[in-house]
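Here's the structure, in structure tokens; my notes come after.
4 protein chains.
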Amino acid sequence: MAHAILLISCPDQRGITAAVTGFVYENNGNIVHADQHIDGQTNTFFMRIEWDLEGFRLGKDDIQSAFQAIASRYQMDWKIYFTDQKTRVAVFVSRHLHCLQDLLFRYQQGQFSCDLKMIISNHQDARTMAEQFGIPFHVIPVTPENKTAQESQEIKLLNDNQVDLIVLARYHQILSKSFVDAFSARIINIHHSFLPAFKGRQPYQQAYGKGVKIIGATSHFVVEQLDAGPIIEQDTVRVSHRDSLEDFILKGEDLEKAVLSRTLRLALGHKILCFANKTVIFD
Amino acid sequence: MAHAILLISCPDQRGITAAVTGFVYENNGNIVHADQHIDGQTNTFFMRIEWDLEGFRLGKDDIQSAFQAIASRYQMDWKIYFTDQKTRVAVFVSRHLHCLQDLLFRYQQGQFSCDLKMIISNHQDARTMAEQFGIPFHVIPVTPENKTAQESQEIKLLNDNQVDLIVLARYHQILSKSFVDAFSARIINIHHSFLPAFKGRQPYQQAYGKGVKIIGATSHFVVEQLDAGPIIEQDTVRVSHRDSLEDFILKGEDLEKAVLSRTLRLALGHKILCFANKTVIFD
Amino acid sequence: MAHAILLISCPDQRGITAAVTGFVYENNGNIVHADQHIDGQTNTFFMRIEWDLEGFRLGKDDIQSAFQAIASRYQMDWKIYFTDQKTRVAVFVSRHLHCLQDLLFRYQQGQFSCDLKMIISNHQDARTMAEQFGIPFHVIPVTPENKTAQESQEIKLLNDNQVDLIVLARYHQILSKSFVDAFSARIINIHHSFLPAFKGRQPYQQAYGKGVKIIGATSHFVVEQLDAGPIIEQDTVRVSHRDSLEDFILKGEDLEKAVLSRTLRLALGHKILCFANKTVIFD
Amino acid sequence: MAHAILLISCPDQRGITAAVTGFVYENNGNIVHADQHIDGQTNTFFMRIEWDLEGFRLGKDDIQSAFQAIASRYQMDWKIYFTDQKTRVAVFVSRHLHCLQDLLFRYQQGQFSCDLKMIISNHQDARTMAEQFGIPFHVIPVTPENKTAQESQEIKLLNDNQVDLIVLARYHQILSKSFVDAFSARIINIHHSFLPAFKGRQPYQQAYGKGVKIIGATSHFVVEQLDAGPIIEQDTVRVSHRDSLEDFILKGEDLEKAVLSRTLRLALGHKILCFANKTVIFD
């Protein structure tokens, strides 16, 4: 049976939790997860609540309108998701295929509850892999000259397929402001450094040149400013002077895969809330 | 202003969260933390809820009786704590003083919101340290012959000082069943291995002999069976063939301190619930 | 140009390092790596030395006989490897394919400098994957009744293909003593727990039942006694009460892949020495 | 019996290791550790070799002159240390005393083989602690006006006591270029962030504001440019949205202590070599 998931943020005040959990209970819902957080600095309330729809008195459309009364009272930003409506995902990739390969195998194994609609690339390299896993593959090369036109084509493809979430799995093109605005808070990127250190190009080379003893990987929502969006997940691994640049890359690529797959699971579980250029992760 | 903290476990059913949060809201409480968990295997519901008593309509004693109605309805195991009533703690130690020293310095810095009533040891080694930090120190040597009598003296000391929580900070005596029963789920031990590996004596020697590549430390509640109680917190660190037994100990002692201090903060924050020889940690 | 790699162990005494490095230098070798270790408990000397054969005065066969003089003087156990002679590897797998898939993709990417000769399984599950990556696949089902005969067939296959190294990538059959003896110190297993905790069957279930806060994976050489051989590499990851058994498995499988691939790279680089049921890792 | 430790760096060429180990062997030395590294990018050779002076044919002064012949042949940068000549250390601290306290307790326990000559501070806060552990304590307040004069006094104090190594254990003053030059590669700082992220003031506040999911600590040699010297050691710990700024600090301070104490042990063991604004760590 499907579950409903509510994601809420609003100014904190007395009674919000009681109102939300009361709403679920009075309509005969069985709460299976509930987690809340209060940001002390901004006095903001965040909540994720998930309940079983078995025996629930309201249909999906009725939930929306019925909950709006509570939402208005507490000035909530809110969204509702249903676990039987799978998120439609597009993956963008360039020529480094390790993240894509990892995502595809996990998808095949059933680790991601989503509908992987397409892979978009500015190169041909991923074609064989896409075909092996049976995912539609679109090559859309991008140059400074054709960027606007090609992005329009991408946006049309994404909208025609009702794509909800875009995953940049080592896609080495900077998306324009208008593209980012069209999918606000719905584009996830994996950056191969411990942000905010080593933004931009060739972070492994930067880290190797600096002589750090730990390297990292970071997933974040894409915003207009490069590698500066809200951080979702990070991980690190030790390196030493014995590690060559190739070793940095080998170790780092393993981090990238782990961080990106954890991030996608969080996103598909509707466990991420953005606020003030940070994230709340209901894990 | 003080907060109230409720710890609850009961069979899961519809409406528990709504009932508990409704209780707080109807009495004008402001929830500052709420976290719940459902154990799918046993269908058990767990909750920790903390609210600000500023403006709350019920006094401390009235809360207890008023909440009992809800508790009975849902067959709850429950306890309530108030943050202005500090937990009274006793630390037991033998001859390895690193954990004690770490606890005392953190206590002095204000990291532990508790009242450290006494240090009990079967040796004189910790006396100088106890005096330096101004904590009452009792030496109670234990032999197989006098164990029962000495434990009785310890229990009397603990009860006379209304000690709520006992921390074994490398206390190398096995407590009798009757002692453990007298402080059930209120004795925390730090064991210098990654349990359940390397129980009992000389775990660093055992780990060194086995040639493991990672060592650990584990905090747990003390039960009658040696090193087998519910695990609260664990941590690990890498070792290699280059590490001597002395290096294992040096690295491991740092783990012990970190794990024990985190555990004590969890315990003092009333964030630990035991069930089925496991723990739920509301961190 | 190829490199030579010497792995040495012997009783420690003055002059060993000088003798070995002198041998390389006098024959015009350029040392690119050298690492040594002395085990204080047993007074044993270990060394791995790697040099560029460009301009070296001795041919491969001559190195062997020339070095024997030094080896005899110091009672050395020693082996020499040449980087242009690729290790021939066989992978054994049952029905959990995540480790195999990870190995195959890394192999395809060029992360493993070896010749992957075959995949052997007691089930059909891995066939598609093996074919996708173009690796010969042999199904050899094992029952208590046919075990001796089937193992003989496996040994013949391995010997016919001059296999140097066997990787058990979640192969759920216990190898007989005679099989293990036939490939002594040349069979690597990945066990899905933090050994020596949770040996044997269903380690994730064991860990979940125990309520540990950290789980692990361990690679080791296979010896006759189950899951008790010299440990090569281990890693751990945090879990909490919120993790179901399925989450334990999901997190643990990522550990297994990481530990096994690191182990295979160590083995192929001839960086592992066994002694006294432990390993020296020249990383 | 004392050991000798040689630290060497020079352009790589054939024969260096053989020459150095031959020197030790011909003079009847017993090598207890030897480790070398070649930096492929700059073709630089690094070596640390340690041998037992029991039975060695050369006295300490004779070693220096005898080895100079080899050093000149290979254009070596080199230093020799003897383990019976303890490093003389000064600790600088301001008002955050957790690192100092940790260092002092470990020093008392015998974890640091050094002679702790003095604590210098620009504040009175550490006085009690210094007295408790019996270490000379000097308060030298620094303002923009008196900085040059006060640093001269500090340098005189350090030189009068023949201090070899300066540890900045949360000393919140920027040292002048002339001070840094006077103790080049002999001043170690602990910075409370994962460098190069969050340089300068209030790194915990910076990290909290950025919403990172992992925080770190970094030890490095002090150079003129702020927080930019060669990195010696780093470590990280996970944080989440649930961690307040105070939690960041609490977790981070534990990292600082661990990283600084490991760094000091490396430095006292003469296991650190600087080159090209990086470090080689012979651990």
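Chains as they are written, first to last, in numbering that gives the first Met the number 0: chain A, 0 to 282; chain B, 0 to 282; chain C, 0 to 282; chain D, 0 to 282.
No residue lacks a Cβ here, since even glycine has one placed at the ideal position from N, Cα and C.
With fewer than 16 other CB atoms across the displayed protein chains lying within 10 angstroms of its CB, lysine 176/B is exposed.
The beta carbon of aspartate 114/D is closer than 8 Å to those of Lys85, Thr86, Arg87, Val88 in its chain, skipping five residues each way along the sequence. DSSP places phenylalanine 220/A inside the beta strand (DSSP E), whose first and last residues are 213-220. With a cutoff of 8 Å on beta-carbon distance, threonine 217/B and serine 239/B are scored as not near each other.
The three-state reading of DSSP puts arginine 169/D in coil, since its state is none of H, G, I, E or B. For the stretch 116-146 of chain A, the full-length alpha helix (DSSP H) segments reaching 4 residues or more read 126-131 along the chain. With respect to the C-alpha of valine 31/A, the residue from Arg13/B, Asn27/B, Ile48/B, Asn26/B having the closest C-alpha is Arg13/B. Beta-bridge analysis with DSSP links histidine 36/C to Phe45/C. Boundaries of the alpha helix (DSSP H) around glutamine 67/B: 59-72. Chain order gives the chain B residues near tyrosine 24/A as Arg13, Gly14, Ala17, where near means a beta carbon separation below 7 Å.
With a contact defined as Cβ atoms closer than 8 Å, leucine 194/A and aspartate 226/A qualify at about 6 Å. The criterion of a C-beta distance shorter than 8 Å is not satisfied by isoleucine 186/D and valine 211/A. No Cβ of chain A is located within less than 8 Å of the beta carbon of glutamine 224/C. Chain C has no Cβ within less than 8 Å of the Cβ of alanine 70/D.
Around the Cβ of glutamine 204/C, a 10 Å sphere holds fewer than 16 other Cβ atoms; the residue is exposed. Spanning the alpha carbons of alanine 17/D and asparagine 29/D requires a straight line of approximately 15 Å.
The C-beta of threonine 278/C comes closer than 8 Å to at least one C-beta of chain B.
As DSSP reads the structure, glutamine 233/D sits in a beta bridge with Thr217/D.
Around isoleucine 189/B, no beta-carbon contact reaches into chain A at under 9 Å, the shortest distance being about 26 Å. Isoleucine 134/A and leucine 167/A do not touch by the CB rule: their CB atoms are close to 16 Å apart, not below 8 Å. The beta carbons of leucine 249/B and leucine 102/B sit no closer together than 8 Å.
Closest in C-alpha terms to histidine 95/C, from the list Glu255/C, Gln63/C, Phe220/C, comes Glu255/C. Contact annotation, isoleucine 214/D with phenylalanine 247/D: C-beta distance approximately 6 Å; criterion of less than 8 Å satisfied. Beta-bridge pairing by DSSP links cysteine 273/C to Thr278/C.
Against chain B, the CB of threonine 20/A has a partner CB under 8 Å away; the residue lies at that interface. Under the Cβ criterion of 8 Å, alanine 257/A is counted among the residues facing chain C.
Residue pairing by DSSP puts isoleucine 187/B in a beta bridge opposite Val166/B, Phe220/B.
By the neighbour-count definition (other C-beta atoms within 10 Å, threshold 16), alanine 257/C is a buried residue.
In the DSSP assignment, the residues bridged to phenylalanine 81/B are Ala3/B. For proline 143/D, not one C-beta of chain A is nearer than 8 Å to its own C-beta. With respect to chain C, the C-beta atom of arginine 241/B has a partner C-beta closer than 8 Å.
Note: proline 10/C is bridge-paired with Thr43/C in the DSSP secondary-structure output. Residue pairing by DSSP puts arginine 87/C in a beta bridge opposite Asp114/C. In chain order, His240, Arg241 make up the part of chain C whose C-beta sits under 8 Å from the C-beta of histidine 36/B. The closest CA to that of serine 120/B, considering only Ser64/B, Leu99/B, Gln108/B, Asp60/B, is found on Leu99/B.
Inter-residue distance for aspartate 34/B and methionine 46/B is about 6 Å (C-alpha atoms, whole angstroms).
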